[in-house]
Amino acid sequence: MEKPFNFATLAVHAGEAPCAATGALDTPIYQSTTFVSADADEMAAVYGEQKPGYMYTRYGNPTIHALEAKLAALEGGEAALATASGMAAVSTAILGYVKAGDHVVAARSLYGAAYNFLNKKLPRMGASTTFVASTRVEDFEKAIQPNTRLIYFETPSNPVLEILDIAAIAALGRAHGIPTMIDNTFASPALQQPLRMGITVSLHSATKYLCGHGDALGGAIIGPSDYISLLVHEVIRDFGGVISPFNAWLILRGTRTLHVRMPAHCANAQQVAEFLAGHPKVEHVNYPGLPGHPGHDLARKQMSAFGAMISFEAKGGYEGGKHVMDRIKLFARAASLGDTRSLIVHSASTSHRAVPPEQRRAIGITDGLVRLSVGIEAAADLIADLDQALQF
Ligand SMILES: Cc1ncc(COP(=O)(O)O)c(C=O)c1O
4 MEKPFNFATL
14 AVHAGEAPCA
24 ATGALDTPIY
34 QSTTFVSADA
44 DEMAAVYGEQ
54 KPGYMYTRYG
64 NPTIHALEAK
74 LAALEGGEAA
84 LATASGMAAV
94 STAILGYVKA
104 GDHVVAARSL
114 YGAAYNFLNK
124 KLPRMGASTT
134 FVASTRVEDF
144 EKAIQPNTRL
154 IYFETPSNPV
164 LEILDIAAIA
174 ALGRAHGIPT
184 MIDNTFASPA
194 LQQPLRMGIT
204 VSLHSATKYL
214 CGHGDALGGA
224 IIGPSDYISL
234 LVHEVIRDFG
244 GVISPFNAWL
254 ILRGTRTLHV
264 RMPAHCANAQ
274 QVAEFLAGHP
284 KVEHVNYPGL
294 PGHPGHDLAR
304 KQMSAFGAMI
314 SFEAKGGYEG
324 GKHVMDRIKL
334 FARAASLGDT
344 RSLIVHSAST
354 SHRAVPPEQR
364 RAIGITDGLV
374 RLSVGIEAAA
384 DLIADLDQAL
394 QF
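So my numbering is basically just the index in the sequence shown, starting at one, shifted up by 3.
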């Protein structure tokens with residue numbers, strides 16, 4: 004058997020080939036809603052899927068397919084589906100498994116809108132979620148009910164950077180015949196490949212590291228081909244969360260440099276986290292690359308580097324956090340993450356405002372918590388900026 008290509012080669016080449024018609028080396032943006040058939044029989048055959056071909060971009064598009072093929076290769080999955088946003092990926096992926104009467108076991112620390120979808124939207128459809136009150140896999144097992152159809156989690160989690168044991172959760176799902184689903188946004192496939200650890204489905208806000216440049220919303224779901232095919236036929240066509248060809252192209256372009264950007268992000272984040280951890284005006288720092296982080300050893304085992312997301316609490320609670328936010332200059336006061344530019348947000352009032360305050364406090368999203376997405380500028384400049392913002 005031919006040796007499979009390394010990650011960097013897949014990032015650059017997978018899913019793409021020169022255009023057969025024109026020889027264009029870069030994947031063209033097929034900015035077309037619809038595709039022409041030669042005659043009525045061909046049209047019926049393409050719509051009936053007896054003949055391969057494109058018909059309408061909500062049902063598939065060559066630029067979007069190139070992105071899907073690249074992402075499947077990078078995560079080591081059978082197939083992938085690109086979606087309009089990360090939340091389209093979260094909702095589409097969950098709806099592929101969960102129907103009225105079903106139950107989901109979910110981690111307590113999740114992106115705010117994902118938490119809200121599980122907590123508020125699933126009950127409207129007659130399904131329910133139990134949020135596990137710890138990171139222990141035994142507690143995930145205790146939460147399983149006869150009607151549990153899905154185990155859903157994030158690691159590292161947004162924004163408190165909890166680390167969950169991916170292989171142990173995969174084994175738990177297998178033992179009970181329940182699919183497992185991870186939001187792999189914070190790590191990206193460059194740092195963590197959950198499907199290779201036995202997880203059924205990996206999903207992303209492709210808006211973040213996959214795109215990498217803060218210029219396109221998108222999402223991705225990677226998993227078994229029969230499940231992805233079900234999502235295409237039963238969920239995305241009817242709910243309509245399709246990515247635009249232009250955004251797919253931007254994310255495709257970003258993904259080609261993922262393996263080059265991630266080490267730069269991670270090296271910067273390690274330096275920033277160590278600086279913050281030693282700063283007298285900082286109460287505590289959440290970063291799995293710090294030896295004192297409760298998930299440090301596990302992160303070392305299941306990630307190739309610790310990522311570039313950090314959260315911290317300045318002394319003085321809310322006032323301390325507000326002071327840092329107000330004084331910071333180089334970090335942009337902006338939501339999102341995974342951009343080449345460094346970003347700073349106050350989690351309780353932005354990404355996690357939909358999470359009830361008592362739940363926020365239970366998982367460590369204090370009113371003073373500030374989250375950093377560390378970019379690829381010079382670490383010394385980022386540290387100098389934080390240092391001046393922490394003068395009070
Ligand atoms: C971990 C995680 N998952 C999903 C999302 C949702 O992604 P999007 O904003 O692309 O819909 C986000 C957004 O911040 C996120 O941080």
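We put the beta carbon where it would ideally sit given N, CA and C, even for glycine.
The structure displayed is predicted, hence computed values, not measured ones.
At a Cβ-Cβ threshold of 9 Å, Ala82 and Gly18 do not count as neighbours.
By the CB criterion at 9 Å, Ile181 and Ile147 fall inside the cutoff. With a cut-off of 8 Å, the C-beta of Lys211 is classified as near ligand 1, since at least one heavy atom of the ligand falls inside that distance. A direct Cα-Cα distance of roughly 6 Å separates Asp388 from Leu333. For Ser131, the CB contacts under 7 Å within the same chain, skipping 5 residues up- and downstream, are His106, Leu125 in chain order.
Fewer than three Cβ pairs drawn from the region 223-236 and the region 365-384 lie within less than 8 Å of each other, which leaves the two stretches out of contact. A direct Cα-Cα distance of roughly 18 Å separates Ala47 from Arg240.
Restricted to the region 39-122, the alpha helix (DSSP H) segments that are unbroken, complete and at least 4 residues in length are 43-50, 65-78, 89-98, 115-119, listed in chain order. In terms of Cα proximity to Ser314, the closest of Glu286, Gln195, Thr133, His326 is Glu286.
Remark: the C-beta of Thr188 is in contact range of ligand 1, defined as less than 8 Å to any heavy atom.
For Leu346, the uninterrupted beta strand (DSSP E) run begins and ends at 346-349, by DSSP. Within the same chain, and ignoring the five residues on either side of Phe143 in sequence, the residues whose Cβ sits closer than 7 Å to its Cβ are Val108, Val135, Ile154, Ile172, Leu175. Taking each of Thr151, Ala308, Glu165 in turn and checking the Cα distance to Ala103, the smallest one comes out for Thr151. For Met128, no alpha helix (DSSP H) run applies, since DSSP gives it neither H nor E. Counting only runs that start and end inside the region 290-325, the beta strand (DSSP E) elements of at least 3 residues fall at 312-317. Leu372 is bridged by DSSP to Glu316. Secondary-structure assignment with DSSP links Val288 through a beta bridge to Phe315. By the Cβ-count criterion, Cys22 is exposed, with fewer than 16 other Cβ atoms from all chains shown falling within 10 Å of its own Cβ. Listed as beta-bridge partners of Thr183 by DSSP are Ile154. Taking non-hydrogen atoms of ligand 1 into account, the C-beta of Glu237 is found less than 8 Å away from none of them. The beta-bridge partner set that DSSP reports for Ala223 consists of Ala85, His207. One alpha carbon belongs to Arg363, the other to Ala110, and they sit about 13 Å apart. Between the region 242-253 and the region 62-76, the count of C-beta pairs closer than 8 Å reaches three or more; the two stretches touch. In its chain, beyond the 5 residues on either side, Gly292 have a beta carbon closer than 6 Å to the beta carbon of Gln273. If the five residues before and after Glu45 are omitted, its C-beta is found closer than 7 Å to the C-beta atoms of Lys54, all from its own chain and listed in chain order. For Thr36, no pairing in a beta bridge is given by DSSP. Excluding the 5 residues flanking it on each side, Gly323 has same chain C-beta neighbours closer than 8 Å at Lys284, Glu286, Glu316, Ala317, Gly371, Phe395, in chain order. With three or more CB-CB distances shorter than 8 Å, the region 190-209 counts as touching the region 295-314. When the five nearest sequence neighbours on each side are left out, the beta carbons in the same chain lying within less than 8 Å of the beta carbon of His262 are those of Phe10, Ala11, Ala14, Ala193, in order along the chain. The three-state secondary structure of Ala146, taken from DSSP, is coil. Scanning Leu340, Tyr321, Leu346, Gly319 for the CA closest to the CA of Ile331 turns up Leu346. Met265: member of the alpha helix (DSSP H) spanning 261-280, first to last residue. Of the residues assessed, Val238 falls on the buried side of the cut-off, its CB having 16 or more other CB atoms within 10 angstroms.
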